[in-house]
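Enquirer: Just passing along the structure, written as structure tokens.
Residue numbers (my numbering): 686 to 1199.
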């Protein structure tokens, strides 16, 4: 009988969730939903020394903002496999460690830090790198070299120890990876990793395998940085007698810097001015602040869509997908082996596409909230219809809602300064006469619409023997102060007859004095 698909996202609460981690969570989520499976959030907090207050809460909030909702896990309910924090699962690990020791697949090691450092130094002087392996372990203090009585004495005396896996000598370990195919590593290139510490806490490797087995995980989809650990995990499944239940592995490509050289890091974001975290983060210990995509004005669905296409290619050329469409389209066999270069400009493009997908009414609500915070007098001085139409005109040039004010403040406040380059290039007696005539014609229009104002503009230009291209930009500058912007005559209709005429008159008076 085929097992139900169960995948997990298992971050460590050692800081904010990097966008690479969000992508890992997303791919797990998409895979689970595509196969009608379960997606679990597990917090791997075995490394208590690196625990950062607030990091767990941040992870949960980031996933919620992205719409990547686990079926079960920390912050999302019990699916029958609680607890989901490894620190709370501490009592269960020892039995499996003792099973490995009893079967000869693990051993106690009593080496002190000083002894390990001494051996490391000795090997480096000899031109070799240190690895606690099948050769070195024979000259160290462990239950393979000490008598059973001595081992029991040390354990009874509560001496510090670790439990290490006992790797076989010179054996090939084969790992089948969904993305990369077969990965083969010889145990001669591996070392006897620590599985358990005397404080009762397992290391990542032990806890990871035990938790995946007991939580019935069928597929482990994680970052490529964990690929070197996969052979060790395969051996643990074998040594514990769980080979038939071993999950399938898929190791995702790295997210690379915009120049493609190296893994994308927080420092790259700080240096180049883009966020690498989904939400703002303040380090409780250092007070250091990092910006997030939410606070920078990105839509969560645009952020998710952008992330999905970093390292995974669709079946066609389409780029815009909502979450349901991503679920239907997603497949691990179209995930790339090579790293995915992050492009901050492409991220802005995705947000622009999603901005345009929002209705003018939705954008007006978002813009009104922004105005209420920064320009409360403005939002209260215009009608709802005015705000909706303003958003319709501005949105085509904007990547973010917070850019609306910067790009269209002249719709709400008449300009006081005018583009000098346009004035120098276009202002002359003929163009001045044209603007004066337009003001008078505007005031005489029975209907003041985009169509009627455009018709009047063309008629006046024809009557004065002027090409519309000669006066179009100057006319816009008189109305807005700037050389570019939204559809000119739709903007006139929005401003209205009186305001448009007043602006033309004020511009003429001001330009003469500038």
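Cβ coordinates follow ideal geometry from the N, Cα and C atoms, glycine included.
Measure the C-alpha to C-alpha separation of residue 645 and residue 1144 and round it to an integer number of angstroms.
Expert: What is shown of the chain runs 686 to 1199, which leaves residue 645 out entirely.
Enquirer: Could you check whether residue 995 and residue 1032 sit closer than 7 Å to each other, using their CB atoms as the reference points?
Expert: No.
Enquirer: Drop a sphere of 10 angstroms on the beta-carbon of residue 728, count the other beta-carbons inside from all chains shown, and report buried for 16 or more, exposed for fewer.
Expert: Its Cβ being crowded by 16 or more others within 10 Å, residue 728 is buried.
Enquirer: Leaving aside the five residues before and after residue 703 along the sequence, list all residues of the same chain whose C-beta is less than 7 Å from its C-beta, in chain order.
Expert: 961 and 962, listed in sequence order.
Enquirer: For residue 966, which three-state DSSP category applies?
Expert: In the structure shown, residue 966 sits in a strand (DSSP, three-state: E or B).
Enquirer: Can you give me the C-alpha to C-alpha distance between residue 688 and residue 903, rounded to a whole angstrom?
Expert: C-alpha separation (whole angstroms): 7 Å.
Enquirer: In three-state DSSP terms, what is residue 793?
Expert: Residue 793: strand per DSSP, three-state reduction.
Enquirer: Going by DSSP, name the residue or residues bridged to residue 936.
Expert: Note: residue 936 sits in a beta bridge opposite 907.
Enquirer: What's the call for residue 774, buried or exposed, on a 16-neighbour Cβ count within 10 Å?
Expert: It is buried - the Cβ of residue 774 has at least 16 other Cβ atoms within 10 Å.
Enquirer: When you compare the CB positions of residue 965 and residue 977, do they come within less than 7 Å of one another, or not?
Expert: A contact, by the Cβ cut-off of 7 Å.
Enquirer: Suppose you measure from the CA of residue 803 to the CA of residue 834; what does that come to, to the nearest Å?
Expert: Computed Cα separation, rounded: 26 Å.
Enquirer: In chain order, which continuous runs of the beta strand (DSSP E) of length 3 or greater are located wholly inside the region 860-923?
Expert: For the region 860-923, whole beta strand (DSSP E) runs of length 3 or above, ordered along the chain, are 866-871, 879-882 and 904-908.
Enquirer: Considering only residues of the same chain and omitting the five flanking positions on each side of residue 876, which have a CB-CB separation below 7 Å?
Expert: Within the same chain, residue 876 has close Cβ partners 816, 817 and 818.
Enquirer: Starting from the C-beta of residue 948, find all residues in its chain whose C-beta is less than 6 Å away, skip the five residues before and the five after it, and write them out in chain order.
Expert: Excluding sequence neighbours, residue 948 sits near 939.
Enquirer: Which one or two residues does DSSP pair with residue 723 in a beta bridge?
Expert: According to DSSP, which records beta bridges pairwise, residue 723 is partnered with 691.
Enquirer: Would you mind working out which of 1163, 1114, 784 and 1053 sits nearest residue 1105, comparing C-alpha positions?
Expert: The shortest Cα separation from residue 1105 among 1163, 1114, 784 and 1053 belongs to 1163.
Enquirer: Here's the rule: buried if 16 or more other CB atoms are within 10 angstroms of the residue's CB, otherwise exposed. What is residue 1171?
Expert: It counts as buried.
Enquirer: Whole angstroms is fine: what's the gap from residue 838's alpha carbon to residue 787's?
Expert: Cα-Cα distance, rounded: 18 Å.
Enquirer: In chain order, which beta strand (DSSP E) runs of at least 3 residues are fully inside the region 1061-1105?
Expert: Listed in chain order, there is nothing to give.
Enquirer: In this structure, how does DSSP classify residue 702 when only helix, strand and coil are distinguished?
Expert: Of the three classes helix, strand and coil, the one that applies to residue 702 here is coil, per DSSP.
Enquirer: Can you check the region 1125-1156 for any alpha helix (DSSP H) of at least 4 residues that lies completely inside it and give the ranges in chain order?
Expert: You should have 1135-1148.
Enquirer: If I'm right that residue 856 touches residue 872 with Cβ under 8 Å, what's the distance once you round it to whole angstroms?
Expert: Their Cβ separation, rounded to whole angstroms, is 5 Å, which keeps residue 856 and residue 872 in contact under 8 Å.
Enquirer: Grouping DSSP H, G and I as helix and E and B as strand, with all else coil, what is residue 1168?
Expert: Looking at residue 1168 - three-state DSSP - the assignment turns out to be coil, as it is neither helix nor strand.
Enquirer: With DSSP as the reference, identify every bridge partner of residue 948, one or two as the case may be.
Expert: In the DSSP output, where bridge partners are listed per residue, residue 948 has 941.
Enquirer: Mind checking whether residue 730 and residue 770 have CB atoms under 7 Å apart?
Expert: Their beta carbons are under 7 Å apart, which means residue 730 touches residue 770 by this criterion.
Enquirer: For residue 847, which residues does DSSP report across the bridge?
Expert: Answer is 794 and 882, bridged to residue 847.
Enquirer: Our contact map puts residue 1193 next to residue 1117 with C-beta atoms below 8 Å; I'd like the distance itself, whole angstroms only.
Expert: Confirmed, Cβ separation roughly 7 Å.
Enquirer: Exposed or buried, residue 1166, counting other C-beta atoms within 10 Å across all chains shown (16 or more means buried)?
Expert: By the neighbour-count rule (16 or more Cβ atoms within 10 Å), residue 1166 is buried.
Enquirer: State the start and end residues of the unbroken alpha helix (DSSP H) segment that holds residue 783.
Expert: Segment 775-787, the alpha helix (DSSP H) holding residue 783.
Enquirer: Span of the alpha helix (DSSP H) holding residue 826?
Expert: That residue, residue 826, is in no alpha helix (DSSP H); it is neither H nor E in DSSP.
Enquirer: Which first and last residues belong to the alpha helix (DSSP H) in which residue 1038 is found?
Expert: Element bounds for residue 1038: 1029-1042.
Enquirer: Within 8 Å, do at least three Cβ pairs link the region 843-854 to the region 915-933?
Expert: Segments in contact, yes.
Enquirer: Could you tell me the alpha carbon to alpha carbon distance between residue 1150 and residue 987, rounded to whole angstroms?
Expert: Between residue 1150 and residue 987, the C-alpha separation is close to 49 Å.
Enquirer: So residue 889 and residue 927 are in contact, right, with Cβ under 8 Å, and what is the actual spacing, rounded?
Expert: Contact flag wrong, Cβ pair sits at about 18 Å.
Enquirer: Exposed or buried, which one is residue 867 when buried takes at least 16 other CB atoms within 10 Å?
Expert: When all chains shown are included, residue 867 counts as exposed.
Enquirer: Quick check: the Cα distance between residue 828 and residue 785, rounded to an integer number of angstroms?
Expert: Cα-Cα distance, rounded: 13 Å.
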